[in-house]
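Colleague:
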Amino acid sequence: MDKMNSKFIELSLGSHIISHGYEINNKEITEAINVEGFSKKIIAISRIKSLSETYILTDYADGRWIYWEYEEAYDTIKKQLIK
Numbered sequence: 002m003d004k005m006n007s008k009f010i011e012l013s014l015g016s017h018i019i020s021h022g023y024e025i026n027n028k029e030i031t032e033a034i035n036v037e038g039f040s041k042k043i044i045a046i047s048r049i050k051s052l053s054e055t056y057i058l059t060d061y062a063d064g065r066w067i068y069w070e071y072e073e074a075y076d077t078i079k080k081q082l083i084k
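Note that the working numbering has the sequence shown beginning at 2, numbered continuously upward.
1) What number of angstroms, rounded off, separates the C-alpha of residue 60 from the C-alpha of residue 32?
2) If you run the structure through DSSP and keep just helix, strand and coil, what is residue 28?
3) Hey, residue 44 and residue 12 are a contact pair by Cβ (cut 8 Å); roughly how many whole angstroms apart?
4) Closest by CA to residue 80, which one among 17, 22, 46 and 26?
5) Quick one: grab the DSSP three-state call for residue 61.
6) Whole angstroms is fine: what's the gap from residue 19's alpha carbon to residue 49's?
7) To the nearest angstrom, how far is it from the Cα of residue 74 to the Cα of residue 14?
8) CB-CB under 8 Å to residue 10, same chain, minus the five flanking residues each way: which ones, in chain order?
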């Protein structure tokens, strides 16, 4: 893989939860976005903060975070990220 391609990953992403921050009592403020199916997106690897078997967590504008559902197998994404 060349240098340019290694900075991005193509994923099939679907429904997601946007974390807008926290209330004064430390309760997370979230917004659930439900969509049908998945669509391909190119994500900068530098935006990915964590990967679980359910979600891939990315940063977003203005200090927000997005928990994305993804279609690919966990191990497939993990191998691409740790190359």
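We put the beta carbon where it would ideally sit given N, CA and C, even for glycine.
Modeller: Result, derived from the coordinates:
1) 15 Å
2) coil
3) 6 Å
4) 46
5) coil
6) 14 Å
7) 12 Å
8) 43, 44, 46, 49, 78, 81 and 82
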